[in-house]
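In my numbering, the protein residues as written are 3 to 226.
C-beta: ideal position from N, C-alpha, C; glycine also.
Shown next, in structure tokens, is the structure this report addresses.
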């Protein structure tokens with residue numbers, strides 16, 4: 003694959019990216035932590051109503067790309083009227099690029115989708131799924147200005163991308179009602195923390211022309 007010829011197509015994964023030249027993430031990232039024990043009532047994730055959205059950019063905020071990923075399986079544990087544990091699996095083979103994000107006449111969303119699936123990025127043949135497993139859910143005293151509307155909790159969990167697991171913490175809106183539960187959040191991760199790169203090194207133009215930051219937005223709904 004000619005890397006320079008597809009740079010304009012690149013964005014991801016597995017959720018807006020920084021428009022500054024300095025790469026940074028607004029999400030707390032740490033090493034893998036112990037997963038929260040499932041207790042109380044367990045609700046199955048409604049995979050038809052749940053979705054993961056992604057958005058990424060070239061350096062400087064140019065040529066934004068965005069799309070979706072499907073959630074394959076999952077559940078949320080409810081105890082004392084609160085979400086205390088849970089997990090969900092993302093189908094990486096389902097990655098879609100919104101055609102509205104590909105405005106260049108010589109580019110095609112399907113080509114970008116295929117590119118994201120190959121070994122240059124997610125190598126979905128080798129890593130067909132990604133996982134998120136909750137490690138803790140805590141009350142959020144004050145939501146950051148860029149948090150999802152109504153954020154009331156800090157959710158931490160082990161996020162596995164391309165076979166590597168790191169713990170991430172982010173503000174989220176967590177709702178529990180009769181026989182239902184939902185988690186909504188948007189946060190930014192640095193793909194380099196999971197070893198995801200396009201260029202052969204930091205000096206490779208194919209690498210430094212693409213923002214390392216990826217915006218992820220999750221909308222997970224569970225029911226009895």
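Of the residues the options, the one placed nearest residue i, counting alpha carbons only
i	options	result
residue 217	41, 60, 52 and 38	60
residue 95	102, 124, 48 and 30	124
residue 118	69, 221 and 155	69
residue 87	111, 136, 220 and 65	136
residue 177	221, 30 and 192	221
residue 252	76, 58 and 85	Here the chain has residues from 3 to 226 only, and residue 252 is not among them.
residue 35	164, 179, 171 and 160	160
residue 113	152, 131 and 67	67
residue 162	111, 47, 196 and 57	196
residue 131	101, 166 and 100	166
residue 129	102, 110, 147 and 198	198
Three-state secondary structure assigned by DSSP to residue i
i	result
residue 163	strand
residue 127	coil
residue 114	helix
residue 103	helix
residue 199	coil
residue 188	strand
residue 24	Because residue 24 sits at a pLDDT of 38, beneath the cut-off of 50, its placement in the model cannot be relied upon, and the point is left open.
residue 119	helix
residue 194	helix
residue 30	strand
residue 49	coil
residue 211	coil
residue 64	coil
residue 181	coil
residue 109	coil
residue 6	Unreliable placement is indicated for residue 6, whose pLDDT of 35 sits below 50; no coordinate value is reported for it.
Proximal residues to residue i (C-beta, below 8 Å), its chain only, five neighbours per side dropped
i	result
residue 182	45, 223, 224, 225 and 226
residue 72	49, 53, 54, 92, 93 and 96
residue 33	168 and 169
residue 80	42, 43, 44, 45, 86, 178 and 183
Residue i beta carbon near the ligand FAD (any heavy atom closer than 7 Å)
i	result
residue 132	Because no ligand of any kind appears in the structure shown, any question about the ligand FAD cannot be addressed here.
Nearest-angstrom beta carbon gap, residue j and residue i [assumed within contact, 8 Å]
i	j	result
residue 74	residue 97	That pair is no contact at about 13 Å.
residue 133	residue 89	7 Å
residue 164	residue 138	Not a contact, Cβ separation roughly 24 Å.
residue 200	residue 122	6 Å
Same chain, Cβ closer than 7 Å to residue i, five either side skipped, listed in chain order
i	result
residue 149	173
residue 27	Residue confidence for residue 27 is low, a pLDDT of 49 falling below 50, so the modelled location carries little weight; the figure read from the coordinates is stated next. Excluding sequence neighbours, residue 27 sits near 190, 191, 192 and 215.
residue 141	155
residue 40	79 and 87
Buried or exposed (CB count within 10 angstroms, at least 16 for buried), residue i
i	result
residue 215	buried
residue 29	buried
residue 105	exposed
residue 76	buried
residue 57	buried
residue 38	buried
Cβ neighbours of residue i in the same chain (closer than 6 Å, five flanking residues each side left out)
i	result
residue 187	150, 172, 174 and 220
residue 145	153 and 173
residue 126	94, 95 and 119
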